[in-house]
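Chains as they are written, first to last, in this note's numbering: chain A, 3 to 297; chain Z, 170 to 472; chain X, 2 to 315.
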């Protein structure tokens with residue numbers, strides 16, 4: 003009986019399997035973007051800000067609804083009737099948080115890749131520039147939508163439970179099923195457009211976030227002042243106001259926008275819609291052109 | 170050439186008033202291909218055009234029969250690229266990032282993790298693969314760059330100055346790795362301005378000079394020459410005299426003789442002359458034209 | 002007359018005596034003593050061996066932790082005017098992209114206090130072969146051109162001492178040859194040129210003398226061939242191609258000067274303690290056996306091989 007022995011080559015294996023399509027590749031970029039935004043697989047301190055903001059956005063809704071539901075029938079119902087904020091109101095609350103979130107995340111998504119020249123690696127892979135940019139914007143959209151929608155969902159469910167008639171509540175409020183996502187999308191479109199453009203040019207994340215925040219505050223003030231003093235159409239410059247206007251329109255609360263420059267200027271909500279769509283399209287175009295020149 | 174893996178026709182590339190490539194017509198077979206020339210303009214530009222990362226001012230290029238201008242994504246799914254400069258995110262681990270680049274190259278997520286590990290081990294980064302790329306030294310970065318270039322199992326890898334910044338040991342290791350890529354069934358385009366490295370690793374050479382194609386042929390045919398170079402241990406004069414009397418043409422520099430015979434076996438003739446004159450030799454062999462010689466001749470004669 | 006260790010030269014311009022440098026716990030340079038003089042000397046070492054640190058001390062950029070270092074009989078940290086006589090070509094891109102080549106060199110000349118900056122600049126630019134491109138902005142230069150303009154910038158004050166860190170980086174083959182010629186010329190004029198580089202085949206072409214550092218210490222000094230010969234426990238390897246390798250191999254094994262014979266792919270690789278003896282016996286041995294020798298090539302005389310032995314010991 004002979005004994006046999008063999009050595010197996012531990013070297014490089016060729017991959018002979020199927021290649022995934024462009025969709026899977028785009029998803030890989032989206033997942034990578036989500037990780038960047040949420041600080042996953044990175045140092046712990048990168049998680050503090052994004053998750054902090056998410057918690058701040060979600061916890062109040064859970065707290066209010068939870069409290070109301072738990073104290074149901076304990077006798078304080080009339081007192082606590084208005085405890086749970088309406089959908090539009092809660093948008094107003096999370097609005098500031100998503101603003102900060104976008105201000106911090108857009109730079110994270112675009113700047114390190116550009117400054118560290120990771121774009122070269124992307125350029126050598128079977129994907130297009132459009133794939134990359136859409137996936138990057140898409141990651142932020144996904145995360146922002148998620149943490150905007152989650153508390154809204156909690157409020158919705160809370161309302162359903164508290165009304166005592168879940169089916170009735172659902173069928174009676176079917177419009178909310180499109181209104182809530184539409185609202186989230188409107189907020190995202192106003193806030194992300196300019197943030198991405200700034201991040202396409204800035205070389206440091208802190209600077210990009212700072213410039214964006216400063217720009218928003220200043221343009222808001224300028225819009226307000228000029229629309230009072232010179233011409234009410236100057237209110238259009240206040241980008242954040244458009245989001246508020248659209249939320250008010252979607253949830254049929256015309257008074258919602260009263261405090262904003264757009265509300266004061268009493269311009270038609272259609273102006274806001276046009277403004278938001280214009281910003282989105284402009285941002286997309288500028289982003290693509292800027293990166294086209296780089297690659 | 171029927172089995173050409175890379176072809177170009179009438180390739181021109183200008184950046185403003187600088188012409189990086191002029192009328193480059195190429196056909197290159199599979200194997201280890203050296204790409205040499207001035208740093209900056211010609212070589213990197215050609216590589217980027219082959220990958221479809223740059224559109225040429227005019228002309229076409231094909232890799233494995235696919236036009237990089239019309240179908241860049243198809244080309245890139247079969248090709249890997251190791252860029253010259255930095256290209257890593259600073260806050261990700263090597264394993265993480267290389268696995269991601271595998272996915273970007275069209276590999277399923279499950280395969281990607283495993284292959285990333287294997288490839289990083291292959292390039293000698295087994296222990297460091299869970300450290301952040303931002304902490305890597307130059308040598309480690311070069312290896313990691315090679316890893317991401319081959320992780321998605323391409324058929325052809327384009328290496329842009331792979332040994333740049335490496336110390337002599339690192340350079341040796343990198344050259345050895347490049348040699349092995351050929352054993353793995355991959356073709357390699359090795360772009361470098363260090364001619365000695367090319368001469369040691371490649372079988373085919375594409376030589377660019379000021380954007381123009383100078384040579385495109387097997388290294389062996391460039392090196393071949395009729396002369397035999399003999400380096401002697403002592404004063405060569407006696408040998409020179411006898412060799413010339415036997416009909417050889419001899420060029421002398423110090424103790425180095427370049428000997429050419431019209432007829433007969435030159436090696437035996439030289440051996441016999443050495444015995445006759447009692448001289449010892451330091452080295453003997455076919456004079457190999459170096460790539461540097463080709464550039465210098467071009468400079469002088471402007472062919 | 003006492004013989005000088007190859008680490009020192011008879012008429013030094015740079016003297017390094019028991020120099021050490023540490024950064025916290027890390028000892029970058031440990032007790033190095035050597036000197037540099039007119040001619041080209043190569044400074045070699047693996048990454049992290051301390052050669053960059055040594056070079057920076059020689060350029061006065063950092064202070065030694067211990068020991069004495071003088072350049073042109075001056076302590077470069079005490080008297081920085083010595084740098085009017087020193088030129089430095091650093092590895093990184095220490096140039097201003099928005100200046101034209103000519104402006105950059107002239108600026109350097111003005112800074113160094115040269116008497117006639119524009120003509121000094123013109124000379125330096127011609128010396129490096131950048132006359133045509135000097136009018137263009139540096140940001141449009143290729144890597145090789147940047148390298149050459151940096152060299153021009155270092156030459157503009159007619160320095161007696163020149164430090165070159167990877168000076169041929171990016172230069173194309175022809176430019177490389179021209180630059181090496183230039184450096185030889187400068188050295189022949191009596192300047193002290195120190196070249197630090199990882200590309201050993203280039204250092205070989207430039208420097209006849211090398212100083213090698215490993216792990217912060219001086220590992221070897223002198224002429225490459227002499228250093229190789231100093232490895233007395235490592236025999237020379239020689240490759241021999243012939244039409245009947247085994248016949249020749251068997252005969253060689255019978256000779257005392259041969260330590261070993263290996264046959265790899267029909268090629269002989271022999272180890273010998275004495276290249277000269279082998280070289281003298283080969284022709285007659287081959288003739289007596291009717292062997293046709295087609296290749297005789299020492300395999301480990303290059304600076305690269307010497308370096309490998311220094312770092313790895315084998």
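Backbone N, C-alpha and C fix where the C-beta goes; we use that ideal spot for every residue, glycine too.
Measure from the C-beta of residue 337 of chain Z to each C-beta in chain X and report whether the shortest distance is under 7 Å. At least one beta carbon of chain X lies nearer than 7 Å to the beta carbon of residue 337 of chain Z.
Flag this pair as touching only if the segment 131–149 of chain X and the segment 439–459 of chain Z have three or more C-beta atom pairs under 8 Å; answer yes or no. Contact fails: fewer than three Cβ-Cβ distances are below 8 Å.
I'd like the list of long-range same chain contacts for residue 113 of chain X, defined as Cβ closer than 6 Å, with 5 residues on each side in sequence excluded. Its chain contains 85, 158 as the residues whose beta carbon lies nearer than 6 Å to that of residue 113 of chain X, once the 5 sequence neighbours on both sides are disregarded; these appear in chain order.
Would you mind telling me which residues of chain X sit closer than 7 Å to residue 363 of chain Z, beta carbon to beta carbon, in chain order? Ordered by position in chain X, the residues that pass the 7 Å Cβ test against residue 363 of chain Z are 200.
By DSSP's criteria, residue 69 of chain X is part of a beta bridge. Which residues make up the other side? Paired residues: X/18.
Among residues of its own chain, excluding the 5 on either side of residue 161 of chain X, which ones have a beta-carbon nearer than 7 Å to its beta-carbon? By the criterion of a C-beta distance shorter than 7 Å, residue 161 of chain X is surrounded in its chain by 14, 73, 86, 192, 193, once the five residues flanking it on both sides are discounted.
Leaving out five residues on either side along the sequence, give the residues of the same chain with a beta carbon under 6 Å from the beta carbon of residue 294 of chain X. Non-local C-beta neighbours of residue 294 of chain X in its own chain, meaning closer than 6 Å and more than five positions away in sequence, comprise 243, 287, ordered along the chain.
Closer than 9 Å at the beta carbon, the chain X residues around residue 234 of chain Z: Close to residue 234 of chain Z, with beta-carbon spacing below 9 Å, lies no residue of chain X; the smallest spacing is near 32 Å.
Alpha helix (DSSP H) segment containing residue 349 of chain A, residue limits: Residue 349 of chain A is absent from the model: chain A starts at 3 and stops at 297.
Can you look up residue 211 of chain X in the DSSP assignment and give me helix, strand or coil? Strand.
Using beta carbons (cut-off 7 Å, strictly below), is residue 353 of chain Z in contact with chain A? For residue 353 of chain Z, the answer is yes, since a Cβ of chain A falls inside 7 Å of its Cβ.
On the premise that residue 145 of chain X lies in contact with residue 176 of chain X, defined as a C-beta separation below 8 Å, what is that separation, rounded to the nearest angstrom? Their Cβ separation, rounded to whole angstroms, is 5 Å, which keeps residue 176 of chain X and residue 145 of chain X in contact under 8 Å.
Boundaries of the beta strand (DSSP E) in which residue 174 of chain Z is found, first to last residue: Start and end: 173–184.
Between the C-alpha atoms of residue 221 of chain X and residue 394 of chain Z, what's the straight-line distance to the nearest angstrom? If you draw a straight line from the Cα of residue 221 of chain X to the Cα of residue 394 of chain Z, it comes to about 38 Å.
So residue 308 of chain X packs on residue 337 of chain Z, CB below 8 Å; how close in whole Å? Going by Cβ atoms, the distance from residue 308 of chain X to residue 337 of chain Z rounds to 5 Å, so yes, they are a contact pair.
By the 10 Å Cβ neighbour count, where 16 or more other Cβ atoms means buried, how is residue 150 of chain Z classified, buried or exposed? The requested residue 150 of chain Z does not occur in the structure, where chain Z is confined to residues 170 to 472.
Would you please verify whether the beta carbon of residue 98 of chain X is less than 7 Å from any beta carbon of chain Z? Using beta-carbon distances, residue 98 of chain X does not count as an interface residue toward chain Z, since no partner is under 7 Å.
Any C-beta of chain X sitting closer than 7 Å to the C-beta of residue 443 of chain Z? Chain X contact via Cβ: present.
Thinking C-beta only, is residue 230 of chain Z closer than 7 Å to residue 181 of chain Z? In this structure, residue 181 of chain Z keeps its C-beta atom at 7 Å or more from the C-beta atom of residue 230 of chain Z.
Does chain Z have any CB closer than 7 Å to the CB of residue 109 of chain A? No, no contact with chain Z.
Which word fits residue 323 of chain X, buried or exposed, when buried means at least 16 other C-beta atoms lie within 10 angstroms of its C-beta? The requested residue 323 of chain X is not part of the displayed model; chain X covers only 2 to 315.
Residue-level contact to chain Z via CB, residue 9 of chain A, 7 Å cutoff: Cβ-Cβ to chain Z under 7 Å: no for residue 9 of chain A.
Minimum Cβ-Cβ distance from residue 380 of chain Z to chain X less than 7 Å: Chain X, which has no Cβ nearer than 7 Å to the Cβ of residue 380 of chain Z, makes this no.
What does the alpha-carbon distance come out to for the pair residue 405 of chain Z and residue 36 of chain X? Taking C-alpha positions only, residue 405 of chain Z is separated from residue 36 of chain X by approximately 36 Å.
Integer Cβ distance of residue 254 of chain Z from residue 241 of chain Z, believed to fall under 8 Å: Actually they are not in contact, since the Cβ atoms of residue 254 of chain Z and residue 241 of chain Z sit about 21 Å apart, beyond 8 Å.
Beta carbon proximity, residue 25 of chain A to chain Z, threshold 7 Å: Judged by the 7 Å Cβ criterion, residue 25 of chain A is not in contact with chain Z.
Just to confirm, does residue 46 of chain X get its C-beta within under 6 Å of one of the non-hydrogen atoms of the ligand GDP? Judged by which ligands are present, the structure shown has none, so any question about the ligand GDP falls away.
Alpha carbon to alpha carbon, what distance is there between residue 205 of chain A and residue 316 of chain X? Limits of chain X in this structure are 2 at one end and 315 at the other, which puts residue 316 of chain X out of reach.
Am I right that residue 454 of chain Z and residue 398 of chain Z are in contact with their C-beta atoms under 8 Å? What's the rounded C-beta distance? Contact holds; Cβ gap of about 6 Å.
State the beta-bridge partners of residue 376 of chain Z as determined by DSSP. Looking at the DSSP assignment, residue 376 of chain Z forms a beta bridge with Z/205, Z/384.
Does the segment 348–363 of chain Z come into contact with the segment 280–288 of chain Z, if we say contact requires no fewer than three beta-carbon pairs (one atom in each stretch) closer than 8 Å? No: the two stretches stay apart, fewer than three of their Cβ pairs being nearer than 8 Å.
Say whether the segment 92–104 of chain X touches the segment 36–49 of chain X, bearing in mind that this needs 3 or more beta-carbon pairs closer than 8 Å, one atom from each stretch. These segments do not touch.
In chain order, which beta strand (DSSP E) runs of at least 3 residues are fully inside the segment 142–197 of chain X? DSSP assignment within the segment 142–197 of chain X yields the following whole beta strand (DSSP E) runs of 3 residues or more, N-terminal first: 162–166, 193–197.
Residue 32 of chain X versus residue 23 of chain X - alpha carbon distance: When rounded, the distance between both Cα atoms is 11 Å.
Rounded to whole angstroms, what is the Cα-Cα separation between residue 161 of chain A and residue 18 of chain A? About 55 Å.
Using the beta-carbon count (16 or more within 10 Å), is residue 241 of chain A buried or exposed? Classification for residue 241 of chain A: buried.
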